[in-house]
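Below: the structure, in structure tokens.
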Amino acid sequence: MRATDILMAEHRVIERVLGALESACNRLEAGELVESAFFVDAVTFIREFADGCHHRKEEGVLFPAMHAAGLPMESGPLAVMLHEHDQGRRYARGISDAASRLGEKDDAARDDLVRHARGYIRLLHEHIAKEDNVLFPMAAQLLPGQRGETVSDEVARVQEEEGVHDEFVRLAEQLVARADKTN
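So for the sequence shown, the working numbering puts the first residue at 2; every next one is plus one.
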């Protein structure tokens, strides 16, 4: 399996969590109770799967290979992707902070949580579209043949090394199921 196929399959899992996060935000805005634990678990998924596992493959394997093939890191698509990864980390911190206050019944926490979560959702939808439709096709052109196979092998090795992929797919499915439950 090509590296970009693995990464795009992970994008589909991330998109499911984005949908769950959107549903939970809609419920909060409608005045429904959503346990802060949902958002804590969503941040765990974001930090450990989206940022940890997924971005580790991009930042540690794919992007350096594209850079070695001539694409600059300081400007252009790779710089944009890295900047957006950092933005996502800031949104995750905001969601986490607001979720902890939500548990303390802080009235402003709900608005902060929704603002950070919706920012993250927007960012990730746009980010994923850029990677799937622009960056990954560029990777296929920059890394043909053996170079592409080497990157794919390395991405697969990183995924196997992590050993938690299936665990996070299960967490994603749990978040989807929990997002629509009324408390």
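The beta-carbon is built from N, C-alpha and C at its ideal position, and this holds for glycine as well. Bear in mind the structure is a predicted one, so any value in this text is a computation, not a measurement.
Buried/exposed call for residue i, threshold 16 Cβ in 10 Å
{"i": "Leu114", "result": "buried"}
{"i": "Ala66", "result": "buried"}
{"i": "Gln160", "result": "buried"}
{"i": "Leu34", "result": "exposed"}
{"i": "Lys58", "result": "buried"}
{"i": "Ala10", "result": "exposed"}
{"i": "Ala109", "result": "exposed"}
Contact with chain D by residue i, beta-carbon distance below 8 Å
{"i": "Lys58", "result": "Protein chain content of the structure displayed is limited to a single chain, and chain D is not contained in it."}
Within 8 Å, strictly: CB atoms of residue i and residue j
{"i": "His117", "j": "Ala141", "result": "no"}
{"i": "Leu8", "j": "Ile122", "result": "no"}
{"i": "Val1", "j": "Ala93", "result": "The chain is shown only over 2 to 184; residue 1 falls outside these bounds and no answer can be derived."}
{"i": "Leu172", "j": "Phe46", "result": "yes"}
{"i": "Val17", "j": "Val156", "result": "Correcting the residue type first, residue 17 is Arg in the shown sequence and not Val. Against a cut-off of 8 Å, the Cβ pair of Val156 and Arg17 comes out as no contact."}
Cβ distance (whole Å) where residue i is taken to contact residue j below 8 Å
{"i": "Arg3", "j": "Gly149", "result": "7 Å"}
- Query: If you pair each beta-carbon of the stretch 130 to 145 with each one of the stretch 72 to 84, do three or more pairs fall below 8 Å?
  - Reply: yes
- Message: Can you confirm whether the stretch 30 to 39 touches the stretch 84 to 92 when touching is taken to mean that 3 or more C-beta pairs between the two stretches lie within less than 8 Å?
- Response: no
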